[in-house]
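Let me begin by presenting the structure, written as C-alpha cells, before commenting on it.
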Amino acid sequence: MGKQSKERPTERSVVSTVADAEAVLADLEKRKAALLEQKAADARALGACSYQAHAHGTKEAVDELDRVTEDILRHDTECRSRDAAIAQAAERVKQAQAVEAQAADRAQALQLREVLKDMRAAGEACDVALALLVEAGNRLSSSLDAVHAAGFSHPHHQQLLSMAERATISALMKLPWKRAFPVLPPGQQTSFARFISEWERMLENAIAAKLGENETEAA
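Written out as C-alpha cells, the structure is:
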C-alpha cells in the first residue's frame, strides 16, 4: 500500500472564534517580543566577543564569536518566521471577525423577519379596530335616530358629535403618535361607555315616567 497523503490546512481555514484567533495572535506577539529581547542580547554579546576574537584571536574568542553569529542568524530567521506567523494570525482574526459579523447579521435579519410579521399583524389589527369603530359609530348614530323617532329629543346629534369626538381623542391620546391629535385636559377626557351610560340613565328615567313606573313604585 502506498503512503496516505496527509491533507495540509489550506489558507481558507478559519479559526473557530474571534477569541481563539485573538489569543493565538497575542501569544505570537508575546513570543516575538521575547525574541526581540534575545536579539538585543545577541547584539551586546557580539560586540564583546568580536573584540576578543579580532583583537586577541584566541580560539575561545573565535569559537564564542562563531556561536554568537550562529545565534544571530538563527534568531533573525526565527524573527522573520514569527513576523510571517503574526501576519497570518492577524488575517485569521479578520476572517473570524467576518464570520462572526456575518452570523450576527444573519441572526439580526431572521429576527427582523419575525418583527415584520408582528408589524403586519399589528397593522391588520389597527385596520380591524378602525373598521369596528366605524361600524359601531354608525350603529350609535342609528340608535340616536331611533331615540328621536320614539319621541325623545335628547340627546341630539350635536351632543353625540361632541362627546364622540372627546371619547375618540381620549383614546387616540394613548397612541405612540398621539402628537398628531389634539390634547384634551383630564377633565374633558371620557369614553363611549361613560357618556352613553349617563344617557342611558336619563332615558331610562324618561321611559319609566312614560310607563308610569315611577308612580307605581311610589304607590
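So for the sequence shown, my numbering puts the first residue at 1; every next one is plus one. Virtual Cβ for every residue (Gly too), placed ideally from N, Cα, C.
Going by beta carbon distance, what residues of the same chain come within less than 7 angstroms of residue i, once the five residues before and after it are set aside?
i   : result
K6  : Low local confidence applies: a pLDDT of 48 at K6 is under 50, so the model's placement there is unreliable, with the coordinate-based value given in what follows. Excluding sequence neighbours, K6 sits near nothing in its chain.
L35 : H75, E78, C79 and R82
Name the residue from the options whose alpha carbon lies nearest to the alpha carbon of residue i.
i    : options                   : result
C49  : K30, L36, R67 and D76     : R67
S222 : F192, G151, F181 and L133 : The question about residue 222 has no answer, for the chain in this structure spans 1 to 219.
K94  : A21, A41, A150 and E60    : A21
A206 : L184, H154, L172 and P182 : H154
A87  : V134, R74, A150 and L28   : L28
L25  : L73, E91, Q38 and T69     : E91
A19  : G137, I196 and A98        : A98
A164 : R31, A136 and K178        : A136
A40  : L73, H54, V62 and D63     : L73
D71  : K59, H54, R44 and E60     : R44
H157 : T190, T17, T168 and S143  : S143
A84  : K32, R113, K59 and A109   : K32
If we ignore side chains and look at the alpha-carbon of each, how far apart do residue i and residue j end up?
i    : j    : result
R139 : D105 : 50 angstroms
D42  : R82  : 18 angstroms
A208 : P186 : 34 angstroms
D145 : A107 : 57 angstroms
D127 : Q111 : 25 angstroms
A149 : S141 : 13 angstroms
V115 : A125 : 15 angstroms
Q188 : P182 : 12 angstroms
Looking at the structure shown, is residue i part of a helix, part of a strand, or coil, going by DSSP?
i    : result
M119 : helix
W199 : helix
L184 : coil
F192 : helix
L175 : coil
A19  : helix
S50  : helix
S143 : helix
G212 : coil
H157 : helix
G151 : coil
Excluding the five sequence neighbours on either side, which residues of its own chain have a C-beta within less than 6 angstroms of the C-beta of residue i, listed in chain order?
i    : result
V147 : none
W177 : none
E64  : C49
By Cβ distance below 8 angstroms, which residues in the same chain neighbour residue i in space, the five residues on each side in sequence not counted?
i    : result
G212 : none
A89  : A21, V24, L25 and L28
R194 : A167
Is there contact between the segment 196-203 and the segment 173-182, where contact requires at least three CB pairs shorter than 8 angstroms? No, the segment 196-203 is not in contact with the segment 173-182.
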